[in-house]
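Residue numbers (this note's numbering): 2 to 449.
Think of the CB as a built atom: it goes at the ideal place given N, C-alpha and C, for glycine as much as any other residue.
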Amino acid sequence: MEPYNETPAGKYFTLTYGCQMNESDSERINGQLEEIGYQPASVMEDADIVILNTCSIRQNAEEKVYGKIGELKKLKQEKPHLLVGITGCMAQENKGRLIARMPVIDFVLGPYHIHDLKDVVSGEKKGRAPVVMTEMNPERVSDFSELKAARKSHVFAWVPIMQGCNKFCTYCIVPYVRGRQASRTVQDICGEVRRLAEEGYKEITLLGQNVNSYGLDFRNGTDFADLINSLSEIPGIERIRYMTSHPRDMTFRMVDAMAASPKVVRHMHLPVQHGSNEMLRKMNRGYTIERFFELLEYVREKMPDIAVTTDIITGFPGETENMHQETLSLLKKARFDSAYTFIYSPRTGTPAARMTDQVPEDIKKRRLQELMNTENSISLELNRAMEGHTFRVIAEGPTKNDPEHWFGRTSGNKMIIFPKDKKLEVGMTVSVHVDKAQTWILKGTLTE
Ligand code: SAH
Ligand code: SF4
Ligand code: F3S
């Protein structure tokens, strides 16, 4: 086989689709490649190895990846030594079928095989392409902390606390592609976070599909509240973020632990998915709207300044106009700081995809628009209430389009853009006065 086996290393380019878990996995993927001598390429065309770390959550996520694979086919014609790897959830879902359909792909590694990347690219398995590794291995969740991550930031770090999901919401592919829930131990997570603090990281984001069920798989009473309590004691870390929360497993004790910690941010992403109890039942979410509001009220009572965001699915099978109205009412009553609204996308193999009462596409689109309009005006109102007030943000760096303007996030995860100051450095905690609110961002000025 040709050049890549002989070439000790070259440049890599990793494209990440999907959720923060994938962002975090990509950092570990890149860390593995750097360990065997690869350097990052600034554009895909310069790379000797391209990795697509993929997402299966909705049809459009998968379509983007298929489009990219088409581009890579052309690139490989010009550059025959190019290695193409598919990782992440589409790798897990489609396994060898991907290579069978698209021979441009050299290897397919499921989310439990980031450890094998070095071998596949340069070690003992090299040259035996095509390689397909998709066996699920939840015991290996503890190996995560040992994998070198090429972290994008030196201030903000992702910290996966668990893999997989046991919830089996009827629309969702995640339990099939990420396997059963497997938590990392409190000790393991605290070890990683202590090292991050020593390296100067200030903000960590704990990642799990359902952080509120963290530790339940140990069956020894350990839960998310214990993790929060232990992490809060680590010096150097200023902010602890976490996502995603799930109303089913959230307890008042967890909320109390968050409220008691000055480091735990005043932001909670708490997907409700729908405003109708019948839909929630068909989705297998495991709570009612009444229970959701009971939790939400407790959260806001304990942390009055908290920003709560959510996810909503519209057009789930059997959704009537009435049920859709119930979601609109929910938005008005809950007054989320923002809501990510998605059109239901049938995923092969999930129970909802087999339900017969699918909602027509044009109705889904209209309902989505109505949800977005309602939520946008609420988000704007809540952001406007921040005008004239000053907030602490950690400076993240210049905005994409204008190096003279920087941005940072409040504890509530609101992004504020402000004119740069000479003394400003990435990671500095600064006070910003909010001058003007928009639906998605705030504009302000430094006050110190
Ligand atoms: N574990 C998280 C969600 C992860 S997926 C939770 O349970 O809240 C992120 C969001 O994608 C979900 O909250 C849901 O709103 C949306 N989603 C998941 N599957 C979907 C599907 N088949 N079609 C449309 N949206 C979907
Ligand atoms: Fe999917 Fe439900 Fe698990 Fe979230 S909790 S990842 S929506 S199955
Ligand atoms: Fe997508 Fe997989 Fe995340 S399906 S949302 S990348 S867990």
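How is ARG179 classed by DSSP in three states: helix, strand or coil? As a working mapping, residue 179 is identified with position 178 in the sequence shown. ARG179: helix per DSSP, three-state reduction.
Going by other Cβ atoms of all chains shown within 10 Å of its Cβ, with 16 needed for buried, is GLY89 buried or exposed? To locate residue 89, count along the sequence shown from 1; it is residue 88. Classification of GLY89: buried, given that the 10 Å Cβ count is 16 or more.
What is the residue span of the alpha helix (DSSP H) that LEU99 lies within? If you number the sequence shown from 1, residue 99 lands on position 98. Taken as a continuous stretch (DSSP letters only), the alpha helix (DSSP H) holding LEU99 covers 98-102.
Rounded to whole angstroms, what's the CA-CA distance from SER333 to ILE442? Just pull it up for me. Start at 1 with the first residue of the sequence shown, and residue 333 comes out as number 332. Start at 1 with the first residue of the sequence shown, and residue 442 comes out as number 441. The sequence shown places Lys at residue 333, rather than the Ser named in the question. When rounded, the distance between both Cα atoms is 21 angstroms.
Cβ-heavy atom distance between GLY89 and the ligand F3S below 7 angstroms? For the purposes of this step, residue 89 is taken as residue 88 along the sequence shown, with counting starting at 1. Yes.
Identify, in the order they occur along the chain, each residue of the same chain with its Cβ nearer than 7 angstroms to the Cβ of ASP144, setting aside the five sequence neighbours on each side. Position 143 of the sequence shown holds residue 144. Same-chain partners within the cutoff: HIS116.
Is it the case that the stretch 391-399 contacts the stretch 426-435, given that we only count it when at least three CB pairs across the two stretches are under 8 angstroms? yes
Cβ-heavy atom distance, ILE106 to the ligand SAH, below 7 angstroms: Here residue 106 refers to the residue found at position 105 of the sequence shown. Every heavy atom of the ligand SAH is 7 angstroms or more from the Cβ of ILE106, so no.
Residue range of the beta strand (DSSP E) that PHE343 falls in? Here residue 343 is taken as the residue at index 342 of the sequence shown, counted from 1. Counting along the chain, the beta strand (DSSP E) containing PHE343 begins and ends at 339-344.
With distances taken from each beta carbon to the nearest heavy atom of the ligand SF4, which residues come in below 6 angstroms, in chain order? CYS166, LYS168, PHE169, CYS170, CYS173, VAL175, PRO176, GLN210, ASN211, HIS247
Take GLN33 as the anchor and find which of ARG185, ALA150, ILE238 has the nearest alpha-carbon. For the purposes of this step, residue 33 is taken as residue 32 along the sequence shown, with counting starting at 1. Here the closest residue by C-alpha is ALA150.
Give the secondary structure of LEU332 by DSSP, where H, G and I count as helix, E and B as strand, and everything else as coil. The residue given as residue 332 occupies position 331 in the sequence shown. If DSSP states are grouped into helix, strand and coil, LEU332 belongs with the helices.
If you count every other CB in all the chains shown that lies within 10 Å of the CB of ASP363, and 16 or more means buried, which is it? Translated into positions along the sequence shown, residue 363 becomes position 362. With fewer than 16 other Cβ atoms within 10 Å, it is exposed.
Could you have a look at LEU53 and say whether DSSP puts it in helix, strand or coil? Counted from its first residue, the sequence shown places residue 53 at position 52. Correct three-state label for LEU53: strand.
Could you tell me which uninterrupted alpha helix (DSSP H) segments, each at least 4 residues in length, are contained entirely in the stretch 7-84, listed from first to last along the chain? 21-36, 60-79
What does a CB cutoff of less than 8 angstroms around LEU16 pick up in its chain, not counting 5 residues either side in sequence? Residue numbering aside, residue 16 sits at position 15 when the sequence shown is read from its first letter. These residues qualify, in order along the chain: MET45, VAL51, ILE52, LEU53, ASN54, LYS69.
For the candidate residues GLY97, GLU94, PRO104, whose alpha-carbon lies nearest to that of TYR85? One-based indexing of the sequence shown puts residue 85 at position 84. The displayed chain sequence assigns Val, not Tyr, to residue 85. It is PRO104 whose Cα lies nearest to the Cα of VAL85.
Counting C-beta neighbours from all protein chains within 10 Å, is the total for GLN439 16 or more, i.e. buried, or is it exposed? Taking the first residue of the sequence shown as 1, we reach residue 439 at position 438. With fewer than 16 other Cβ atoms within 10 Å, it is exposed.
How long is the line joining the alpha carbons of HIS390 and ALA308, rounded to whole angstroms? Translated into positions along the sequence shown, residue 390 becomes position 389. Translated into positions along the sequence shown, residue 308 becomes position 307. Cα to Cα, the separation comes out at about 15 angstroms.
With distances taken between CB atoms, is the gap from ILE174 to LEU207 smaller than 8 angstroms? Residue numbering aside, residue 174 sits at position 173 when the sequence shown is read from its first letter. Residue numbering aside, residue 207 sits at position 206 when the sequence shown is read from its first letter. The answer is no: Cβ separation not under 8 angstroms.
Best match in ASP422, ASN384, PRO131, LYS96 for proximity to THR411 [C-alpha to C-alpha]: The sequence position of residue 411 within the sequence shown is 410, counting from 1. Per the Cα distances, ASN384.
Within this structure, are the beta carbons of TYR113 and ASN138 separated by less than 8 angstroms? On the sequence shown, residue 113 is found 112 positions in, with the first residue counted as 1. On the sequence shown, residue 138 is found 137 positions in, with the first residue counted as 1. Result yes, Cβ atoms of TYR113 and ASN138 sit closer than 8 angstroms.
Taking just the CA atoms, how far does MET22 sit from GLU298? On the sequence shown, residue 298 is found 297 positions in, with the first residue counted as 1. On the sequence shown, residue 22 is found 21 positions in, with the first residue counted as 1. Their Cα atoms are separated by approximately 29 angstroms.
Looking only at its own chain, which residues have a Cβ that is under 6 angstroms from the Cβ of SER214, when we skip the five neighbours before and after it? Within the sequence shown, the letter at position 213 stands for residue 214. Closer than 6 angstroms at the Cβ level, and outside the excluded window around SER214, lie ASP250.
Among all the DSSP beta bridges, which residues are the ones paired with GLU204? The sequence position of residue 204 within the sequence shown is 203, counting from 1. PHE157, ARG240, per the DSSP bridge assignment.
Does DSSP put THR375 in a helix, a strand or coil? The residue given as residue 375 occupies position 374 in the sequence shown. Three-state result, THR375: helix.
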